[in-house]
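Protein chains: 2
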Amino acid sequence: MNSDYSLAVHSLTLLSIMPDRMSSSSALAESASVHPVRIRKVLSMLRQHGLVETKEGTGGGFILSAEPDQVTLWEIYQITSEGSLQPKCSEANKQCLVGANMELVLSTIFTDAESHLGAFLQQYSIADMVNQVQQHSHSL
Amino acid sequence: MNSDYSLAVHSLTLLSIMPDRMSSSSALAESASVHPVRIRKVLSMLRQHGLVETKEGTGGGFILSAEPDQVTLWEIYQITSEGSLQPKCSEANKQCLVGANMELVLSTIFTDAESHLGAFLQQYSIADMVNQVQQHSHSL
DNA sequence: ATAAATGTAATGTTTAGAATTACATTTACC
DNA sequence: GGTAAATGTAATTCTAAACATTACATTTAT
Chain B
144 MNSDYSLAVH SLTLLSIMPD RMSSSSALAE SASVHPVRIR KVLSMLRQHG
194 LVETKEGTGG GFILSAEPDQ VTLWEIYQIT SEGSLQPKCS EANKQCLVGA
244 NMELVLSTIF TDAESHLGAF LQQYSIADMV NQVQQHSHSL
Chain S
144 MNSDYSLAVH SLTLLSIMPD RMSSSSALAE SASVHPVRIR KVLSMLRQHG
194 LVETKEGTGG GFILSAEPDQ VTLWEIYQIT SEGSLQPKCS EANKQCLVGA
244 NMELVLSTIF TDAESHLGAF LQQYSIADMV NQVQQHSHSL
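What follows is the structure in structure tokens.
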């Protein structure tokens, strides 16, 4: 799956650990080892869906604007990666019975599969991510 | 998801429509609009798992070597695309609590998610693909 | 023998992902 | 009000992965 997803989960987890102050794109970028501009792009999608608030100018940055236990991995998937389960099909030969219909048949099945995936991912919230990340670090 | 998957499903569906003679990589390639060498590569994976038999030399080609209703979309996924649900993570900063553990936490969740996907895809066989492709073509 | 096929490695081409640069805009603070 | 620190976003460059293409060894029917 595309890496915007893990970057979004990563960022939201960090933000939920620092709920009381703004984090800059540079700080988030350093933790994820990516370019700050990319953080701004991905978090801009999250902002459009109300998951974070942003503030420009000195002292600005990003801050979580939802309850960590209300933001699920499914919601993040929908924002950053919806449709990515769909197997890519090169444009097949429409003269052929299979070529003409395979894409539609597969697409129907995988749309269904993605909604099953949704039910599964809905079980996990950003709050769970924080817990699990902390548990793992304790067991080191 | 990667396109080897849809190419494999496409090819197996075609082969199961022509169960009594060998199909050449050129013929399969024409239906899927890809290069014959790519067909040979993908079907070579399927051969290693016993789904098709191949024969070199004049009159050779590919033929299904399993019952269409016994070959599931899950088995094909495992052969061509296992792990592709896993969200890509760039190597994060290990100094950071989140950076150090996020990959493992996500990977655990998505390994589980992939096995749920498996249960879903196991419902569909190549025989179902043939049926659905044919039904769609009748409704045109 | 020859022609038709797969097997596979090597190479080139295209495309998508990501970084980088550039710059406009916003905002805090002196 | 001026400056520095931040986001927003478009344009560009760089890189890696996907895919096609070429090349050639091998197999096999006729």
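If you're matching them up, the sequences are chains B and S in order.
At position 108 of the first sequence the residue is numbered 251 (our numbering), and the sequence of numbers has no breaks.
At position 70 of the second sequence the residue is numbered 213 (our numbering), and the sequence of numbers has no breaks.
Note that beta-carbon positions come from the ideal geometry of N, C-alpha and C, so glycine has one too.
In this text, all values refer to a predicted model and were calculated from it rather than measured experimentally.
At a cut-off of 9 Å between beta-carbon atoms, S:Ala-175 makes contact with chain B. One Cα belongs to B:Gly-226, the other to B:Arg-183, and the distance between them is close to 22 Å. Cβ contact annotation for B:Leu-155 (same chain, cutoff 6 Å, sequence separation greater than five): Ile-269, in chain order.
Annotated three-state conformation of S:Ser-208 is coil, per DSSP. Here DSSP, grouped into helix, strand and coil, assigns B:Lys-237 to coil. CA-to-CA, the gap between S:Leu-158 and S:Ala-256 works out to about 31 Å.
Taken through DSSP and simplified to helix, strand or coil, S:Ser-227 comes out as coil. Rounded to the nearest whole angstrom, the C-alpha separation of B:Val-273 and B:Ile-160 is 7 Å.
With fewer than three CB-CB distances shorter than 8 Å, the stretch 243-262 of chain S does not count as touching the stretch 236-253 of chain B. Sequence-ordered contacts of the stretch 234-245 of chain S with chain B read Glu-234, Ala-235, Asn-236, Gln-238, Cys-239, Leu-240, Val-241, Gly-242, Ala-243, Asn-244, Met-245 [C-beta pairs closer than 9 Å]. Residues of the stretch 183-216 of chain S whose Cβ lies closer than 9 Å to any Cβ of chain B, in chain order: Leu-216. When the five nearest sequence neighbours on each side are left out, the beta carbons in the same chain lying within less than 7 Å of the beta carbon of S:Lys-198 are those of Met-165, Gly-204, in order along the chain. Nearest to B:Pro-162 by alpha-carbon distance, out of B:Leu-228, B:Asn-145, B:Leu-194, B:Ala-262, is B:Leu-194. Taking all protein chains in view, the Cβ of B:Thr-251 is surrounded by fewer than 16 other Cβ atoms within 10 Å, so the residue is classified as exposed.
When the five nearest sequence neighbours on each side are left out, the beta carbons in the same chain lying within less than 7 Å of the beta carbon of B:Ala-209 are those of Gly-193, Leu-194, in order along the chain.
Just so you know, the alpha carbons of S:Val-177 and S:Asn-236 end up roughly 40 Å apart. The C-beta distance from S:Met-188 to B:Pro-230 rounds to 15 Å, too long to meet the 8 Å contact threshold. Look at B:Ile-222: its C-beta is not under 9 Å from any C-beta on chain S. Taking a Cβ-Cβ cut-off of 8 Å, the neighbours of B:Ala-256 in chain S comprise Leu-260, Phe-263, Leu-264, given in sequence order.
Secondary structure of S:Val-180 (DSSP, three-state): helix. Listed along chain B are Met-272, Gln-275, Val-276, His-279, each with a C-beta nearer than 8 Å to that of S:Val-248. S:Val-214 sits buried, since 16 or more C-beta atoms from the chains shown fall within 10 Å of its C-beta. The shortest CA-to-CA distance from S:Ser-174 to any of B:Arg-181, B:Gln-238, B:Gly-261 is the one to B:Gln-238. Excluding its 5 nearest sequence neighbours in each direction, S:Val-152 has C-beta neighbours in its own chain below 8 Å: Leu-216, Ile-219, Ile-269, Met-272, listed in chain order. In its chain, beyond the 5 residues on either side, Ser-168, Ser-169, Ala-172 have a beta carbon closer than 6 Å to the beta carbon of B:Pro-179. In this structure, DSSP gives B:Ser-268 an extended state, which the three-state scheme calls strand. In the three-state reduction of the DSSP assignment, B:Glu-199 falls in the coil class.
Selection B:Ile-206, B:Leu-207, B:Gly-200, B:Leu-260 evaluated against S:Leu-228 yields B:Leu-260 as nearest (Cα-Cα).
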